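Notes follow once the structure below has been shown.
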């Protein structure tokens, strides 16, 4: 049975809106995701939903029924809303007509898959959800084994990060840690560290990415902390031929990762 909610003042609608705030997501262990691709990847990853919201104007009832089953939504959590209510709980300019409140799992370093020949990504201080989501999308495409988030203000469960990733935050393993914990995790697994340094690094294609590697990228405005240079990281840079001196961090991640993929496919 599907319940109907027609007022934006309904307590359940207000609770969904609060999930835009990180504090509330952390406290409840939930987040919101909207869209067929995003929810499909959440379902494929085994996530469950507390509630699912359908706007029949933009999404067929049969599609909503399918996702309610795949996400194991309890009967009391299947809700039909009108366009006004849906726009209140949705985000961005897309109108997919299907949004779910997902239970998100806790992630720790011990949960990351450890492969000595694997390719990993370490992200330090990334602030913008759109950048973080785009990096996850690229990491998924490049077959990255795992992502380590170091002192990152933005969390992957941010609804905008989920959207920018097209749901790949649900499929790419990740964990949060401080810098020292991340260094120890990488070193204990025999991985080489390659840290992006636009000033002192070697050209990235002069490095050998064919062995197990953790690529370290920092926020655009501040770069990486000095710790990564002190722990023996190889420094690498992307050549710049114009007047600009930096790239968006999501673009830099794509270039580094696909250089590693290229080398591994030609060895």
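Residue numbers (this note's numbering): 676 to 942. Glycine included, each C-beta is placed from N, C-alpha and C at the ideal position. Computed from a prediction, not measured in an experiment: that's the story for all the values here.
Residue state for residue 811 is assigned as helix, using DSSP reduced to three classes. If you look at residue 739, you'll find it in the alpha helix (DSSP H) that goes 736-745.
In the same chain as residue 831, and ignoring 5 residues on each side of it, the C-beta atoms closer than 7 Å to its own belong to 807, 811, 844 and 849, in chain order. The C-beta distance from residue 771 to residue 709 rounds to 6 Å, short enough to meet the 8 Å contact threshold.
As far as DSSP is concerned, residue 929 takes part in no beta bridge. Per DSSP, residue 680 is one residue of the beta strand (DSSP E) stretching across 678-680. About 10 Å separates the Cβ atoms of residue 746 and residue 739, ruling out a contact at the 8 Å cut-off. Note that the region 755-769 does not touch the region 787-799; fewer than 3 beta-carbon pairs, one per stretch, sit closer than 8 Å. Closest option to residue 906, judged by alpha-carbon separation, among 929, 724, 877 and 856: 856. Under DSSP, residue 890 shares a beta bridge with 796 and 869.
Between the region 898-914 and the region 871-887, the count of C-beta pairs closer than 8 Å reaches three or more; the two stretches touch. Between residue 864 and the set 915, 773, 846 and 889, the nearest pair of CA atoms involves 889.
DSSP places residue 718 in no beta strand (DSSP E) but in the uninterrupted alpha helix (DSSP H) bounded by 711-719. The three-state secondary structure of residue 803, taken from DSSP, is coil. Residue 834 sits buried, since 16 or more C-beta atoms from the chains shown fall within 10 Å of its C-beta.
Ranked by Cα distance from residue 727, the first of 683, 773 and 764 is 773.
Counting only runs of 3 or more residues that sit fully inside the region 818-886, the beta strand (DSSP E) segments are 821-825, 849-852 and 867-871, in chain order. Within the model, the alpha-carbon separation for residue 761 versus residue 938 is close to 47 Å.
In this structure, 838 is the residue among 838, 779 and 842 with its C-alpha nearest to the C-alpha of residue 805.
A residue is called buried when at least 16 other Cβ atoms come within 10 angstroms of its Cβ; residue 940 does not meet this threshold and is exposed. For residue 700, no beta strand (DSSP E) run applies; the uninterrupted alpha helix (DSSP H) run containing it begins and ends at 697-703, by DSSP. DSSP places residue 898 within a strand segment (E or B) once states are collapsed to three. Each residue's CA atom was taken as its position, placing residue 689 and residue 883 some 52 Å apart.
About 5 Å separates the CB atoms of residue 755 and residue 677; that is less than 8 Å, so the two are in contact. The closest CA to that of residue 887, considering only 928, 898 and 867, is found on 867. With fewer than 16 other CB atoms across the displayed protein chains lying within 10 angstroms of its CB, residue 818 is exposed.
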